[in-house]
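Report on the structure given below.
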Amino acid sequence: MNTETGPAMMTSNPTRDAESLERHFKPRLQQLLRALGVDVAYERGQGNHLYHRDDQGREIEVLDLVGGYGSLLLGHAHPALVAEAQRLLATGRPVHAQGSRREYAARLACELSRRASGDYCVLFGNSGTEGIEAAMKHALLETGGRAFIALDGAFHGKTLGALQLTAHPDYRESFELPEPGVVRVAPDSIEDLEAAFERVKHPAGFVFEPILGEGGVRPLNPEFVQRAARLCAEHRIPLIADECQTGLGRTGRFLACDALGVRPDYVVLSKALGGGLAKISAVLIRRERYVDTFDLRHTSTFAEDDFSCALALKTLELIDEPLIASCEKNGGELMAGLRGLAARHPEVIAGVRGRGLMIGLEFRRMTSSRSFLLRFLTAQEDLVWMVMGYLLNVHRIRAAPTLSDRFTLRLEPSALIGDREIQQTLAALEDVCARLGRGDAPGLTAFLPPGGSSPTASGNRLARPDARFAAHDEPGYRRRRLTTPAVAASWLCHLVDSEDLASLEPGFVDQPADRREALLEHLATRVAPVAMNPVDIRSITGARVRFQPILIPFTSRWVKQCIDARQTSLPRALVQKGVDLARSLDCRIVSLAQYTSIVTFNGLRLDARGLGVTSGNSYSVALAAQAVEHAQRDTGISPRESVLVVVGAAGNIGRACAELLAPHHRRTLLVGSTRPGSRLRLRELARRIPRASLTTDLDAVAEGDVVMVALNAVDAPLSERHFKPGAIVCDVSVPSALQAGMAKSRPDLRLFHGGIAALPGGEDLGLAGFPLPRGQVYGCMAEALLLAFEGVRDSHFTGSVTTEHVSRVTAMALRHGFTSASAGRAFTHIGPDMAPPTPFADMPCFVPDIEAREETHAIAY
Ligand code: PMP
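Convert by adding 4 to the 1-based position in the sequence shown; the result is the number in the working numbering.
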């Protein structure tokens with residue numbers, strides 16, 4: 005039972021508390037943990053388990069396989085170590101007495117030297133990375149060398165010096181130093197190794213992990229390490245083994261190097277050395293190499309403290325031969341079970357690696373899964389993070405990916421793991437594999453949001469996302485790129501509502517809309533733009549353009565919430581990522597759809613970075629105006645006798661439509677929202693155009709003979725009661741601002757979608773979630789195509805739509821044979837007669853480096 009009485013751990017409002025704590029502590033990481041459903045506050049640890057409380061205050065037991073990144077070889081709160089810690093505190097043993105004879109430190113040094121079967125001088129530090137720093141400094145001093153030879157995929161810590169040896173560019177970027185130099189070698193490539201030793205003029209040491217831990221748990225070949233040892237001897241430089249994670253028995257030997265047939269000159273130990281209670285590292289340096297002036301030159305306030313050294317001594321006592329043997333035995337059993345799993349699920353598991361209780365389970369990249377979400381998570385390298393969330397929430401098991409290889413799940417249990425826990429682990433992973441194998445994204449995400457709570461409560465969910473999403477080479481995608489024309493136009497869209505999730509992922513069809521919306525909102529901070537299937541589009545001139553839709557998987561509702569909260573930096577950053585993705589796909593022009601235009605101020609707030617950008621609004625306006633004119637001609641209703649109502653007239657499209665149509669109408673009523681900015685814009689507009697008045701009352705819509713609807717509402721605010729009998733109603737809003745079923749309940753109305761164009765070649769875009777009949781596209785899509793046909797590569801068509809913009813795109817449409825889809829047919833009723841969405845079952849997921857731009861069917865805010 006937890007009887008926590010620590011510093012201000014409990015307050016009356018845990019939600020608010022969590023939010024304010026998050027403001028000051030790693031907000032981005034907290035956001036990630038929450039998105040994955042793993043932001044659990046553990047209260048207690050014992051043996052193999054951690055404990056937290058659920059919403060009802062019940063204690064939940066979790067099997068911990070993260071194992072403190074390898075520190076918990078003896079489990080949480082080992083009783084003998086807790087007793088030793090209590091003894092030390094009770095007897096008043098000083099923790100710090102620098103500049104005195106440090107008895108525990110000296111005894112620990114002797115013991116480590118003995119257990120490592122060598123004759124070593126030992127230095128202490130507080131963390132693994134500090135141990136590596138000390139080793140590097142000593143090697144530089146000892147050899148006079150200037151560069152280290154290290155391995156691809158290596159992880160040696162993140163302080164500035166050690167970080168130079170760590171391989172993953174994400175960690176090194178912005179922190180690279182000119183010296184010491186680091187030459188990297190592919191693990192197990194003797195050829196590479198020999199070449200490196202030849203190339204480096206002044207080597208200071210060869211640094212390696214016997215099993216690359218954070219690099220995906222990859223054991224090295226003994227021959228490779230032995231060759232490295234011989235080369236080090238020839239060059240008189242130290243062979244430096246980083247055994248922070250592998251050392252102290254975890255792999256079935258006291259040092260993992262013992263199994264490789266080498267005796268390192270330096271050994272760095274940490275993690276398990278503190279017994280899970282103390283923070284300590286040690287660098288063992290062969291006595292004959294030790295430079296004794298280093299004693300005075302390298303110091304650290306907290307190193308050598310009695311408390312940590314005494315606990316480490318006790319830990320070494322507990323890591324006896326039987327315990328080391330049990331690591332080998334238990335690890336062998338777990339590994340055998342995992343190999344069976346891999347054999348049953350070869351489409352899911354790419355490999356099982358490791359030794360003893362240091363095990364990595366590598367998942368395959370789900371690039372051809374039937375599930376869109378799994379392909380998407382793969383492209384973002386979030387797949388195994390999602391597995392982590394699932395394991396914790398569904399199976400009460402904690403296991404995380406390794407730091408530098410995000411497709412490998414780390415399994416580092418304590419030496420105390422027993423058969424029951426091994427079976428629990430295997431059963432849970434069997435379930436994960438079965439679900440991944442059949443593309444069961446709904447099942448794998450059913451736990452999100454955990455406890456059904458929406459993440460919208462958090463103050464930090466809009467923090468800027470990481471700018472980098474790893475590119476993934478998808479062969480099918482590349483093939484398609486090569487067969488399509490060189491000139492490409494991109495179109496940035498997002499999910500209109502959670503129905504679209506069901507189109508993308510048919511498994512979600514049976515789930516209630518609010519459940520889907522909650523999931524999408526929950527994942528909003530982890531989304532990235534996705535390239536969809538490109539399609540070739542023809543002009544009547546014979547020219548062809550590749551149309552490249554890019555989907556940003558957030559919903560209109562979510563962006564609307566961001567706008568209302570005046571927190572548009574995240575949606576805007578995602579749109580910028582879409583622009584950058586378009587550029588990386590060799591597009592020349594990018595057009596913005598729906599809210600991608602709105603949050604970027606019709607494209608003005610984007611960095612085009614060499615691309616042409618268009619809001620896509622100009623042609624939408626032209627098409628809507630044409631459709632209205634056509635409807636008036638068709639019904640014989642003269643504009644001169646009609647009242648025009650423009651709903652959403654403060655927005656970019658509504659305003660331009662009003663400017664274009666008002667001169668031909670008896671009078672014009674401009675309808676806008678009560679927001680101050682909107683009112684101001686309406687007033688200015690009413691002054692500019694003839695016979696115009698303004699209102700914020702939706703009921704006034706009933707005055708209109710012709711109603712142009714250009715709203716950015718997500719809740720369909722207009723219903724059948726809002727319209728005059730027989731009115732012409734042109735809706736350019738996406739999602740539609742009209743309540744469903746109006747085509748049936750008000751058959752007297754001439755209802756149609758405006759802003760839709762017919763392609764001259766009648767190509768089918770097959771876009772799920774966009775209910776467009778074959779051969780029809782939104783104005784914003786058509787505008788991207790028209791500008792691409794015309795070779796436009798600037799951002800002239802961003803910002804406010806002007807009559808000059810409208811007439812220029814109208815002329816382009818004429819040249820290329822694009823027409824108004826609504827005008828060409830009697831009326832396209834809004835409703836089920838629109839084409840059903842085509843599921844994107846085979847849509848590739850390609851989430852490369854960076855960001856995107858705009859277009860809108862709705863009104864600016
Ligand atoms: N070396 C290795 C092999 C490691 O695995 C780690 C930590 N994962 C470190 C060094 C760095 O240790 P620390 O995080 O304590 O600085």
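Backbone N, C-alpha and C define an ideal beta-carbon position, used for all residues, glycine too. Computed from a predicted model, the values in this text were never measured in an experiment.
### Query
For S131, is the beta carbon positioned less than 7 Å from some heavy atom of the ligand PMP?
A distance criterion of 7 Å places the beta-carbon of S131 in contact range of the ligand PMP, judged by its closest non-hydrogen atom.
### Message
If you measure between the beta carbons of I289 and Y124, is that distance less than 8 Å?
### Response
Contact flag set, yes.
### Per-residue DSSP class, three states only, for S24
In the structure shown, the three-state DSSP call for S24 is helix.
### Query
Going by the CB atoms, is the gap between G157 and L224 shorter than 8 Å?
Contact: no.
### Query
Does the beta carbon of Q869 fall short of 7 Å from some heavy atom of the ligand PMP?
Only positions 5 to 865 of the chain appear in this structure, which leaves residue 869 out of reach.
#### Entry: Unbroken beta strand (DSSP E) run spanning R576, endpoints
Taken as a continuous stretch (DSSP letters only), R576 belongs to no beta strand (DSSP E), being part of the alpha helix (DSSP H) at S573 to S588.
#### Entry: Cβ-heavy atom distance, Q249 to the ligand PMP, below 7 Å
Yes - the ligand PMP has a heavy atom lying nearer than 7 Å to the Cβ of Q249.
### Task
Pull up the distance between the alpha-carbon of V650 and that of L684, whole angstroms please.
Note on geometry: alpha-carbon atoms of V650 and L684 lie some 16 Å from one another.
### Task
Using the Cα positions of C661 and E177, report the straight-line distance between them to the nearest angstrom.
Taking the straight line joining both Cα atoms gives about 49 Å.
### Query
Roughly how many angstroms separate the alpha carbons of M712 and H757, rounded to a whole number?
The alpha-carbon of M712 is positioned some 10 Å away from that of H757.
### Message
Taking 8 Å as the threshold (C-beta atoms), are N716 and S697 in contact?
### Response
The Cβ atoms of S697 and N716 lie no closer than 8 Å to each other.
### Message
Distance check for G79 and G441, CA to CA, integer angstroms please.
### Response
C-alpha separation (whole angstroms): 33 Å.
### Query
Pairing CB atoms from the region 418-436 with CB atoms from the region 371-384, are three or more of them under 8 Å?
Touching, no, given that fewer than three Cβ pairs across the two stretches are closer than 8 Å.
### Query
For the ligand PMP, any of its heavy atoms closer than 7 Å to the Cβ of H160?
A heavy atom of the ligand PMP is found nearer than 7 Å to the CB of H160.
### Query
Taking the alpha carbon of L151 as the point to measure from, which residue in S117, P242 and L112 has its own alpha carbon closest?
Residue identity check: residue 151 is Ala in the sequence provided, not Leu. Nearest to A151 by C-alpha distance, out of S117, P242 and L112, is P242.
### Message
What I want to know is whether the C-beta of D309 ends up closer than 7 Å to one or more non-hydrogen atoms of the ligand PMP.
### Response
Result no, Cβ not under 7 Å from the ligand PMP.
### Query
Run through DSSP, which three-state label would S624 get?
In the structure shown, S624 sits in a helix (DSSP, three-state: H, G or I).
### Task
Enumerate in chain order the residues of its own chain whose CB-to-CB distance from Q90 is below 8 Å, with the five nearest sequence positions on each side excluded.
Contacts found: none.
### Query
Is any heavy atom in the ligand PMP found nearer than 7 Å to the beta carbon of D174?
No, Cβ of D174 sits at least 7 Å from all heavy atoms of the ligand PMP.
### Query
What is the C-beta distance between C591 and S494, in whole angstroms, given that I count them as a contact (C-beta under 8 Å)?
That pair is a contact at about 4 Å.
### Local conformation of F228 per DSSP, three classes
Three-state DSSP puts F228 in a helix.
### Distance, L67 Cα to E425 Cα
A straight line joining the alpha-carbon of E425 with that of L67 spans about 8 Å.
### Query
If you draw a straight line from the C-alpha of S24 to the C-alpha of L407, how long is it?
Going by the C-alpha atoms only, they are around 27 Å apart.
### Query
Looking at the structure shown, is I421 part of a helix, part of a strand, or coil, going by DSSP?
The answer is coil: DSSP assigns I421 none of H, G, I, E or B.
### Query
To the nearest whole angstrom, what separates the beta carbons of E787 and S595, a pair I think is in contact under 8 Å?
Between S595 and E787 the Cβ distance is about 5 Å, and since that is below 8 Å, they are a contact.
### Query
Identify the residues that DSSP records as bridge partners of Q34: which are they?
Q34 is bridged by DSSP to nothing; it lacks a bridge partner.
### Query
Tell me, which residues are paired with T559 by DSSP?
The partner list for T559 (beta bridge, DSSP) reads L499.
### Task
Note the first and the last residue of the continuous beta strand (DSSP E) segment covering R692.
Careful: R692 lies outside any beta strand (DSSP E), inside the alpha helix (DSSP H) at P680 to R692.
### Message
Taking a contact to mean a Cβ-Cβ separation below 8 Å, would you say D310 touches V99 in this structure?
### Response
For D310 and V99, yes; Cβs fall inside 8 Å.
### Query
Under 8 Å between the Cβ atoms of A626 and V813?
Yes, they are a contact pair.
### From S811, A762, R62 and L33, residue whose alpha carbon lies closest to that of Y46
Taking the Cα of Y46 as reference, the smallest distance to any Cα among S811, A762, R62 and L33 is reached at R62.
### Task
Count the CB pairs spanning the region 408-424 and the region 358-370 that are closer than 8 Å, and state whether there are at least three.
Judged by Cβ distances under 8 Å, the region 408-424 makes contact with the region 358-370, as three or more pairs qualify.
### Message
Below 8 Å on the Cβ atoms is my contact criterion, and I expect T529 with L574 to pass it. Report the Cβ-Cβ distance as a whole number of Å.
### Response
Taking C-beta atoms under 8 Å as the contact rule, T529 and L574 qualify, at a distance of about 7 Å.
#### Entry: Rounded straight-line distance, which links the Cα of P326 to that of L320
Looking at the two C-alpha atoms, the distance is approximately 13 Å.
### Query
So what does DSSP say about R119, is it helix, strand or coil?
Three-state DSSP puts R119 in a helix.
### Message
Under 8 Å: do the region 523-539 and the region 547-557 share three or more Cβ pairs, one atom per stretch?
### Response
Contact holds: three or more Cβ-Cβ distances are below 8 Å.
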